[in-house]
Amino acid sequence: MDEFATKVLEEKENFAKGEGKEKILLEYISANPTGPLHIGHARGAIFGDALTRIGRHVGYDVVTEYYVNDAGRQINLLGLSVYLAAREILGLDVEWPDEYYRGDYIKDLAREAIEKFGKDYFQEPVKIVEKNGKKEGVFEDENLSLWAKDKMLEVIKNDIKALNVTPFDNWVSERELYKYWDEVREILEKNGALYEKDGKVWLKSSEYKDEKDRVVVREDGRPTYLAGDIIYHWDKFKRGYDKYINIWGADHHGYIARVKAAIKFLGFDPEKLEILLSQMVKLLKGGEPYKMSKRAGNFILVRDVVEDVGADALRFVFLTKKADTHLEFDVDDLNKQDASNPSYYVNYAHARIRSIFRNKGIDYDDIKNVELKDLTSDEKDLLFLALQLPYVLEDAFSSREPHRLTNYLIDLASEFHSFYNKNKVIGSDRENERLKILAVVGSIIKLGLSLLGIKAKEKM
RNA sequence: GCGUCCGUAGCUCAAUUGGAUAGAGCAACGGACUUCGGAUCCGUAGGUUGUAGGUUCGAGUCCUACCGGACGCGCCA
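In this text, residue positions in the first sequence follow the working numbering: the first is 447, and each later residue adds one.
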């Protein structure tokens with residue numbers, strides 16, 4: 447054990463590092479660029495980032511990717527919403543359709559759009575038509591839609607940064623992928639995946655576990671969203687990774703079968719695609735359910751929560767639980783900066799250790815050559831647990847369950863606090879041995895937290 | 001109705017993937033050295049793991065049915 451303890455202190459943040467494992471493409475968040483990230487997105491974001499950090503540390507070549515849904519109806523709806531909001535600001539008549547995005551960010555965008563495009567741009571009223579019993583706005587100006595989309599992407603990038611999520615390696619645009627549609631369609635046809643019916647083109651996804659076949663080209667010739675996703679996965683698989691991981695919101699689970707079917711029809715191995723679901727977060731506020739709807743504009747912004755409690759506390763809360771089970775918590779609880787927040791518990795353990803070294807006026811390096819022998823059982827237990835980190839990391843990544851690392855850190859902190867209350871360090875006749883053990887524990891906590899994207903506190 | 005997932009202490013969640021007496025935190029109660037930082041520690045209490053069967057040496061974990069909940073069942077994304 448002494449040998450490993452010394453290794454922890456010598457290698458510091460490089461302890462338990464591996465290399466040369468599988469190449470993995472990890473796609474996550476991929477929220478529509480039609481609004482800022484809300485608390486539901488945060489769970490997937492934090493989950494994906496923890497996986498990335500842990501995976502990279504233990505030696506996987508993890509490449510991260512965000513798929514930008516910058517085509518289709520939602521983007522059009524965004525442009526329409528900004529246009530209408532601008533007219534309202536300008537004091538012009540507005541007839542509201544049934545569906546449009548609202549919320550302060552739309553108004554902010556509208557004000558900016560007036561600056562950028564000029565007042566005259568918004569003179570023409572929006573025609574409203576009845577479609578399937580719903581009032582729909584007719585809006586065809588791509589310029590405003592795409593401009594608004596780019597603005598939203600900037601906002602999302604800032605939200606990602608605020609969450610302390612490692613910057614993405616790739617941003618892939620759905621819009622740009624459609625130019626490969628003919629090529630992909632040819633492959634599908636050659637593999638007998640498509641047929642025509644009622645003037646539409648269908649994918650035989652029911653041949654591979656899907657409930658029914660799916661339309662990929664509409665009657666008017668426009669490919670559907672699924673077509674875009676097929677192109678995207680074709681593009682992914684062509685890039686030749688060992689494994690592909692997608693993190694989706696659990697509400698998309700019904701989509702898995704058709705995408706896997708498509709991959710098979712493209713001639714690739716669907717087993718290489720692993721889809722992880724991040725369950726919805728059920729939020730309460732003051733004990734009452736907090737209903738989130740993007741269109742209604744009453745959702746909790748990542749930005750606001752981070753401003754309120756900090757990214758670290760939010761990350762810790764999410765990373766203590768499995769990502770694919772339901773999670774419920776009260777927004778008001780995030781404001782409580784007390785013991786009910788386990789991130790304080792772990793951080794406190796670290797801060798205590800640092801405090802001991804401050805009092806002693808030395809650092810970890812100064813005691814790394816102390817030989818550990820004849821350890822008491824308390825000392826042995828604590829050191830042994832701290833040295834489990836490499837196994838925990840391996841396990842947390844291969845099971846895709848970063849919460850195992852978090853719970854391990856809570857265990858380790860608990861073991862330490864207990865030890866601390868029972869055993870004097872400074873001034874004891876085993877001072878040097880104990881300092882070395884605490885140095886190991888401190889290093890491990892710091893490293894573990896950093897792999898969760900949390901910075902260990904020196905003082906609290 | 002069909003499909004996917006879930007149901008563990010009053011509350012929020014764990015349980016080394018089928019292993020020994022199901023564990024933490026919060027809430028409750030009782031204690032701890034005038035502190036190497038009490039944001040801590042020690043203890044008490046709290047459970048027939050939704051219900052009923054089944055598989056086996058062994059089930060919170062696997063299978064079946066039922067009860068309860070979430071989500072999906074768009075030519076939206």
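By construction, the Cβ of each residue, glycine as well, lies at the ideal position given by its N, Cα and C atoms.
Beta bridge counterpart(s) of residue i as assigned by DSSP
i: residue 588; result: According to DSSP, which records beta bridges pairwise, residue 588 is partnered with nothing at all.
i: residue 669; result: 663
i: residue 640; result: 649
i: residue 619; result: 514
i: residue 728; result: 774
DSSP three-state assignment for residue i, whether helix, strand or coil
i: residue 695; result: strand
i: residue 766; result: coil
i: residue 510; result: strand
i: residue 522; result: helix
i: residue 515; result: coil
i: residue 775; result: strand
i: residue 604; result: helix
i: residue 581; result: strand
i: residue 687; result: coil
i: residue 574; result: strand
i: residue 454; result: helix
i: residue 855; result: helix
i: residue 747; result: strand
i: residue 864; result: helix
i: residue 847; result: coil
i: residue 537; result: coil
i: residue 625; result: helix
i: residue 476; result: coil
i: residue 900; result: coil
Beta-carbon proximity of residue i to residue j, cut-off 7 Å
i: residue 646; j: residue 665; result: yes
i: residue 543; j: residue 582; result: yes
i: residue 769; j: residue 500; result: no
i: residue 528; j: residue 496; result: no
i: residue 899; j: residue 460; result: no
i: residue 709; j: residue 721; result: no
i: residue 494; j: residue 467; result: no
i: residue 532; j: residue 568; result: yes
i: residue 514; j: residue 619; result: yes
i: residue 760; j: residue 751; result: yes
i: residue 906; j: residue 797; result: yes
i: residue 474; j: residue 490; result: yes
i: residue 626; j: residue 677; result: yes
i: residue 656; j: residue 648; result: no
i: residue 615; j: residue 509; result: yes
i: residue 789; j: residue 762; result: yes
i: residue 755; j: residue 859; result: no
i: residue 800; j: residue 877; result: no
i: residue 498; j: residue 670; result: no
i: residue 844; j: residue 454; result: no
i: residue 828; j: residue 803; result: no
i: residue 574; j: residue 541; result: yes
i: residue 687; j: residue 471; result: yes
i: residue 813; j: residue 893; result: no
i: residue 836; j: residue 462; result: yes
i: residue 833; j: residue 450; result: yes
i: residue 824; j: residue 869; result: yes
Contacts around residue i, its chain only, beta-carbon distance under 6 Å, and the 5 residues preceding and following it disregarded
i: residue 862; result: 795 and 887
i: residue 879; result: 818
i: residue 774; result: 728
i: residue 895; result: 902
i: residue 654; result: 707 and 710
Run of the beta strand (DSSP E) containing residue i, from where it starts to where it stops
i: residue 871; result: Residue 871 -> no beta strand (DSSP E), and no H or E assigned at all.
i: residue 567; result: Note, residue 567: premise wrong, no beta strand (DSSP E); not H, not E.
i: residue 724; result: 719-724
i: residue 472; result: 469-473
Where the alpha helix (DSSP H) through residue i begins and ends
i: residue 825; result: 823-832
i: residue 545; result: Here residue 545 belongs to no alpha helix (DSSP H), and DSSP marks it neither H nor E.
i: residue 799; result: 788-806
i: residue 886; result: 877-897
i: residue 706; result: 702-711
i: residue 498; result: 485-504
i: residue 843; result: 835-844
Cutoff 7 Å; reference residue i; Cβ partners in own chain excluding five residues on either side
i: residue 591; result: 521, 522, 524 and 525
i: residue 838; result: 850, 851 and 854
i: residue 478; result: 515 and 520
Own chain partners of residue i with C-beta closer than 8 Å, once the 5 adjacent residues on each side are dropped
i: residue 482; result: 551, 598, 601, 602, 605, 747, 748 and 749
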